[in-house]
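In the numbering used here, the protein residues as written are 3 to 181.
From the three backbone atoms N, C-alpha and C, an ideal C-beta is built for every residue, glycine too.
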Amino acid sequence: MGAVMTTRQAAVAVDEDAQYLTFMLGGEMFAIGILGIKEIIEYGSLTVVPMMPTFVRGVINLRGAVVPVVDLSARFGRPNSEITRRSCVIIIEASTDDGLPQDIGLLVDTVSAVQEIPATQIEPPPSFGARIRADFISGMAKVEGKFVIVLEVDKVLSIDEMSNLAEAGQVPALDFDPR
3 MGAVMTTRQA AVAVDEDAQY LTFMLGGEMF AIGILGIKEI IEYGSLTVVP MMPTFVRGVI
63 NLRGAVVPVV DLSARFGRPN SEITRRSCVI IIEASTDDGL PQDIGLLVDT VSAVQEIPAT
123 QIEPPPSFGA RIRADFISGM AKVEGKFVIV LEVDKVLSID EMSNLAEAGQ VPALDFDPR
């Protein structure tokens, strides 16, 4: 009987509404699930790290921890975000392929609200027409008559993929032959 109860609970959990943080980026509304979000901070000064991909704006010191800040606009292949007084950094906890936790900051234009979006209001991602990679999109939600792009944060912030991009962007060492 316990297994039946667990199955019912799982079925109910799939049908339940979930909460999402909505934010603006380049004039478009995006959303990410709130479960992985640790905090939202005001954009401050960053320390630029040489030879990083263009979408890594730098690092911040968050209570003694070094946290990389990813410019989501640049990560999506768009121009870097313009920093304004409303720019925010969303701190989320991502994990490496090894399962190790890593805090990452997401630079966005402005944070909108935390909204409960019914699962019935989220459609599958489009197979074409989106201005970002299809695997970055978890779904398209309809909120107040407008579409909101629900991001697949694990894909957008794949630490291993970003690490590979950083390594690919590094300048190879010059061979020095003293002969």
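{"query": "Anticipated Cβ contact below 8 Å, Ala33 with Leu153, distance rounded", "result": "7 Å"}
{"query": "Leu102 - DSSP class collapsed to helix/strand/coil", "result": "coil"}
{"query": "Short Cβ contact (8 Å threshold) for Gly141 with Glu125", "result": "yes"}
{"query": "Residue nearest to Gln123 in terms of C-alpha spacing, selected from Arg135, Leu27, Gly147", "result": "Gly147"}
{"query": "Whether Glu30 touches Ile93 by CB criterion (8 Å)", "result": "no"}
{"query": "Extent of the continuous alpha helix (DSSP H) to which Ser114 belongs", "result": "First-last for Ser114: 112-119, but that is the beta strand (DSSP E), not the alpha helix (DSSP H)."}
{"query": "Runs of alpha helix (DSSP H) lying entirely within the region 35-87, each at least 4 residues, in chain order", "result": "74-77"}
{"query": "Asp156 - containing alpha helix (DSSP H), residue span", "result": "155-158"}
{"query": "Val113 versus Asp100: straight-line alpha-carbon distance, rounded", "result": "31 Å"}
{"query": "Alpha-carbon to alpha-carbon, Pro127 and Ala143", "result": "9 Å"}
{"query": "Contacting residues, own chain, Cβ-Cβ under 8 Å from Met7 (five flanking each side not counted)", "result": "Per-residue confidence for Met7 stands at a pLDDT of 35, beneath the threshold of 50, marking its modelled position as unreliable; no derived number is given."}
{"query": "For Leu27, the nearest candidate out of Ala76, Val155, Val58, Pro103 (CA to CA)", "result": "Ala76"}
{"query": "First and last residue of the uninterrupted beta strand (DSSP E) at Ser140", "result": "139-145"}
{"query": "Euclidean distance between Cα positions of Gln21 and Met54", "result": "33 Å"}
{"query": "C-beta contact flag for Ser83 and Asp73 at 8 Å", "result": "yes"}
{"query": "Endpoints, beta strand (DSSP E) assigned at Gln123", "result": "Taken as a continuous stretch (DSSP letters only), Gln123 belongs to no beta strand (DSSP E), as it is neither H nor E."}
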